[in-house]
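In my numbering, the protein residues as written are 4 to 49.
Cβ atoms here follow ideal geometry from the backbone N, Cα and C, with glycine treated the same way.
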């Protein structure tokens, strides 16, 4: 649940792991889908 996140996690989740998955287009696409889901959750719980 988002109520367990510290303040900085909301910003970190927008950029986290993109550098790690950059070698793979499949993983990059997956990370983008995860980010979309995260952003929807943040918006719905705000």
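Check whether the Cβ atoms of residue i and residue j sit closer than 7 Å, and answer yes or no.
| i | j | result |
| --- | --- | --- |
| residue 48 | residue 15 | no |
| residue 25 | residue 34 | no |
Alpha helix (DSSP H) containing residue i: first to last residue?
| i | result |
| --- | --- |
| residue 16 | That residue, residue 16, is in no alpha helix (DSSP H); it is neither H nor E in DSSP. |
| residue 40 | 28–48 |
So residue i and residue j are in contact, right, with Cβ under 8 Å, and what is the actual spacing, rounded?
| i | j | result |
| --- | --- | --- |
| residue 17 | residue 30 | Actually they are not in contact, since the Cβ atoms of residue 17 and residue 30 sit about 17 Å apart, beyond 8 Å. |
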